[in-house]
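*Asks:* In the numbering used here, the protein residues as written are 1037 to 1462.
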Ligand SMILES: [Zn+2]
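(1) Can you give the Cα-Cα distance for residue 1142 and residue 1433, rounded to whole angstroms?
(2) With 16 other CB atoms within 10 Å as the buried threshold, where does residue 1000 fall?
(3) By the DSSP assignment, the beta strand (DSSP E) with residue 1451 in it spans what residues?
(4) So, at 7 Å on beta carbons, what are the nonlocal neighbours of residue 1451 in its own chain, with the 5 sequence-adjacent residues on each side left out?
(5) In terms of residue numbering, what span does the alpha helix (DSSP H) encompassing residue 1189 cover?
(6) Say whether the segment 1416 to 1433 touches the segment 1051 to 1062, bearing in mind that this needs 3 or more beta-carbon pairs closer than 8 Å, one atom from each stretch.
(7) Is it true that the segment 1329 to 1344 meets the segment 1388 to 1396, where meeting means three or more beta-carbon pairs spaced less than 8 Å apart?
(8) Which residues in the same chain as residue 1430 place their Cβ atom closer than 7 Å to its Cβ, once the five residues preceding and following it in sequence are excluded?
(9) For residue 1273, name the three-state secondary structure that DSSP assigns.
(10) Can you round the beta-carbon distance between residue 1256 and residue 1298 to whole angstroms, since I take them to be within the 8 Å contact cut?
(11) DSSP has residue 1125 in a bridge; who is on the other side?
(12) Contact defined as beta carbons within less than 8 Å: I believe residue 1318 pairs with residue 1275. What is the distance between those atoms, to the nearest angstrom?
(13) Using three-state DSSP, classify residue 1084 as helix, strand or coil.
(14) Where does residue 1046 land, buried or exposed, given buried means 16+ other C-beta within 10 angstroms?
(15) Please report the distance separating the alpha-carbon of residue 1411 from that of residue 1172.
(16) For ligand 1, is there a heavy atom less than 7 Å away from the beta-carbon of residue 1226?
(17) Could you give the distance in angstroms between the alpha-carbon of residue 1374 and the alpha-carbon of residue 1223?
(18) Please confirm whether any heavy atom of ligand 1 lies closer than 7 Å to the CB of residue 1303.
(19) I believe residue 1120 touches residue 1102 by the beta-carbon criterion, under 8 Å. Please report the beta-carbon distance rounded to the nearest angstrom.
(20) Using only alpha-carbon positions, find the residue among 1440, 1446 and 1384 that is nearest to residue 1413.
(21) Is the segment 1201 to 1220 touching the segment 1168 to 1182, taking contact as three or more C-beta pairs under 8 Å?
(22) Tell me which same chain residues have a C-beta within less than 7 Å of the C-beta of residue 1212, skipping the five on either side of it?
(23) Give the DSSP-derived three-state secondary structure of residue 1261 in the structure shown.
(24) Around the Cβ of residue 1311, are there at least 16 other Cβ atoms within 10 angstroms (buried) or fewer (exposed)?
(25) Is there at least one non-hydrogen atom of ligand 1 closer than 7 Å to the beta-carbon of residue 1327?
(26) Would you mind working out which of 1315, 1157 and 1440 sits nearest residue 1198, comparing C-alpha positions?
(27) Hey, out of 1363, 1390, 1353 and 1335, whose CA is closest to residue 1094's CA?
(28) What residues match up with residue 1180 in a beta bridge as DSSP calls it?
(29) Helix, strand or coil: which one does DSSP assign to residue 1037?
(30) Write down every uninterrupted run of the alpha helix (DSSP H) in the segment 1377 to 1439 whose length is 4 residues or greater and which is fully enclosed by it, in chain order.
(31) Pull up the CB-CB distance for residue 1122 and residue 1063, whole angstroms please, since I reckon it's below 8 Å.
(32) Would residue 1054 and residue 1083 qualify as a contact pair, given that the criterion is a beta-carbon distance under 8 Å?
(33) Can you tell which of 1419, 1368 and 1164 has the C-alpha that lies nearest to the C-alpha of residue 1245?
(34) How about residue 1415 and residue 1265: are their beta carbons less than 8 Å apart?
(35) Sorted by chain position, which residues of the same chain lie with C-beta nearer than 7 Å to residue 1307's C-beta, five sequence neighbours on each side aside?
(36) Among the candidates 1459, 1104, 1115 and 1421, whose CA atom is the shortest distance from the CA of residue 1324?
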């Protein structure tokens, strides 16, 4: 089935899950997790996301992701919606994604803090205050949002230019694809300072002025969202922030003519176990939707499967580890802001040489209670996928040879550690 029938924006459903598959071999195993979840009453739409950065490090194109997703859908006879996300794109690099993707994450983080012109800023501030007043009630929370004039003007100054930039990219895509043939996400997560709920409301007003039918919005939340490891921050404070953002979306939706299924997108970087419960509780309480984006940790499940397979597969994993230690700085560089690796916590090659497959898998598999779990090793391997790309066909042959043992890890990881924990039934 196709999601891109003319003049109708694709289905996304209340819950959607951004899944990465760096090497394009685990689509069927990922779908197996979603199929089992549906059997349990948890309905989630898969969205395969792959950023420009990932494509360029691996040497793939969006068409490869499309082919892998379509093949997985055919193999598993998945009859529900599925989408492909051009993740973190802007005017400069969106073109190569235009026809392969039907979900576009417009990353406007770089435009934040560059003020638009003064009259446009004060017009936006005026409009926000006219529509919402200076202390609108937050739906469902029994408290008011503080929107005093200085705060609204400061938010307009900081974010209007980002909304204008999103508008340019949105119209550029529309000119080539036609309107309403794709899902639009606007992301501001890759920036240093979190957006407050009040700022989010100003941003949504600016996006509606740009006539962008934004379906998902990814703010920068408080705390750290490092790749492949748990949340660093106060989960209860995150829960309050998330709940306020959900209320802001409801308020915006009721007043701004944005799509009525607009929802938050959490760019989790995968494995934010300690905030899954506050998220799920808010979703259950409010009926809100969620898009949860994960990083390409499926590649780590491939390494776990290969470790467990033993023999030449385990040897390959150990080789990757040796090379990752040598090239740590180079591999970490593109991800510097989203990893925290303590070099002293990285097991040396001589130690790892004595590990069997189960020991390696335990160091890598994200089970925080397991004393052998090592978050430093996990983060370094997470960013080391370039080494497997360099191994080329040798790596792909191992993936194919050990397909079943890898698939079990991929499916169980998504289902047990993520889907069941964060998405409510319904
Ligand atoms: Zn992101």
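We treat Cβ as the ideally placed atom computed from N, Cα and C, and that holds for glycine.
Keep in mind that this is a model prediction, so the values were computed, not measured.
*Replies:* Straight from the coordinates:
(1) As a first step, residue 1142 is located in the chain shown; it is residue number 106 there, counting from the start. As a first step, residue 1433 is located in the chain shown; it is residue number 397 there, counting from the start. Between residue 1142 and residue 1433, the C-alpha separation is close to 35 Å.
(2) In the structure displayed, the chain extends from 1037 to 1462; residue 1000 sits before or after that span and is not available.
(3) What you label residue 1451 is simply residue 415 of the chain shown in a count that begins at 1. It is not in any beta strand (DSSP E) - residue 1451 carries neither H nor E in the DSSP assignment.
(4) Locating residue 1451 in the chain shown gives position 415, where the first residue counts as 1. Cβ neighbours of residue 1451 beyond the five flanking positions: 1069, 1072 and 1073.
(5) Taking the chain shown and counting its residues from 1, one reaches residue 1189 at position 153. Looking at the DSSP string, the run of the alpha helix (DSSP H) that includes residue 1189 is 1185 to 1213.
(6) yes
(7) yes
(8) Your numbering for residue 1430 matches position 394 in the chain shown. So the list is empty, once near-sequence residues are dropped.
(9) As a working note, residue 1273 is residue 237 in the chain shown. In this structure, residue 1273 counts as helix in the three-state DSSP scheme.
(10) Here residue 1256 refers to the residue found at position 220 of the chain shown. Here residue 1298 refers to the residue found at position 262 of the chain shown. Not quite, the Cβ-Cβ distance comes to about 18 Å (not below 8 Å), so this is no contact.
(11) What you label residue 1125 is simply residue 89 of the chain shown in a count that begins at 1. Bridge partners of residue 1125: 1142.
(12) As a position in the chain shown, residue 1318 is number 282, starting the count at 1. As a position in the chain shown, residue 1275 is number 239, starting the count at 1. Contact holds; Cβ gap of about 7 Å.
(13) In the chain shown, residue 1084 corresponds to position 48, counting from 1. Reduced to three states, the DSSP call for residue 1084 is strand.
(14) The residue given as residue 1046 occupies position 10 in the chain shown. Residue 1046 should be labelled buried.
(15) Reading the chain shown from its first residue, position 375 is the one you call residue 1411. Reading the chain shown from its first residue, position 136 is the one you call residue 1172. Whole-angstrom Cα-Cα distance: 43 Å.
(16) By 1-based counting over the chain shown, the position of residue 1226 is 190. Yes; taking the cut-off as 7 Å, the Cβ of residue 1226 has a heavy atom of ligand 1 nearer than that.
(17) The sequence position of residue 1374 within the chain shown is 338, counting from 1. The sequence position of residue 1223 within the chain shown is 187, counting from 1. Cα-Cα distance, rounded: 16 Å.
(18) Counting from one through the chain shown, the residue named residue 1303 turns up at place 267. Flag set: Cβ of residue 1303 near ligand 1.
(19) Position 84 of the chain shown, counting from 1, holds the residue named residue 1120. Position 66 of the chain shown, counting from 1, holds the residue named residue 1102. With 8 Å as the limit, residue 1120 and residue 1102 qualify as a contact, their Cβ atoms being about 6 Å apart.
(20) By one-based count along the chain shown, residue 1413 stands at place 377. Closest by alpha carbon: 1384.
(21) no
(22) Position 176 of the chain shown, counted from the first residue, corresponds to residue 1212. 1134.
(23) Walking along the chain shown from the start, residue 1261 turns up at place 225. The answer is coil: DSSP assigns residue 1261 none of H, G, I, E or B.
(24) Counted from its first residue, the chain shown places residue 1311 at position 275. With 16 or more Cβ atoms within 10 Å of its Cβ, residue 1311 is classed as buried.
(25) Sequence index remark: in the chain shown, residue 1327 carries index 291 (1-based). Flag unset: Cβ of residue 1327 not near ligand 1.
(26) Locating residue 1198 in the chain shown gives position 162, where the first residue counts as 1. The candidate whose alpha carbon is nearest that of residue 1198 is 1157.
(27) Taking the chain shown and counting its residues from 1, one reaches residue 1094 at position 58. Nearest C-alpha to residue 1094: 1335.
(28) Sequence index remark: in the chain shown, residue 1180 carries index 144 (1-based). According to DSSP, residue 1180 bridges with 1173.
(29) As a working mapping, residue 1037 is identified with position 1 in the chain shown. Since pLDDT at residue 1037 reaches only 38, below the 50 mark, its modelled position is unreliable, and the value read off the structure follows with that caveat. If DSSP states are grouped into helix, strand and coil, residue 1037 belongs with coil.
(30) 1385 to 1389, 1393 to 1400, 1411 to 1418, 1421 to 1427 and 1429 to 1437
(31) Start at 1 with the first residue of the chain shown, and residue 1122 comes out as number 86. Start at 1 with the first residue of the chain shown, and residue 1063 comes out as number 27. Residue 1122 to residue 1063, Cβ: 17 Å. No contact.
(32) In the chain shown, residue 1054 corresponds to position 18, counting from 1. In the chain shown, residue 1083 corresponds to position 47, counting from 1. In this structure, residue 1083 lies closer than 8 Å to residue 1054 by Cβ.
(33) Reading the chain shown from its first residue, position 209 is the one you call residue 1245. Comparing Cα-Cα distances from residue 1245 to each of 1419, 1368 and 1164, the minimum goes to 1164.
(34) Your numbering for residue 1415 matches position 379 in the chain shown. Your numbering for residue 1265 matches position 229 in the chain shown. Yes. Within cutoff.
(35) Taking the first residue of the chain shown as position 1, residue 1307 is located at position 271. 1264, 1265, 1266, 1333 and 1402.
(36) Position 288 of the chain shown, counting from 1, holds the residue named residue 1324. Cα-wise, what sits closest to residue 1324 is 1459.
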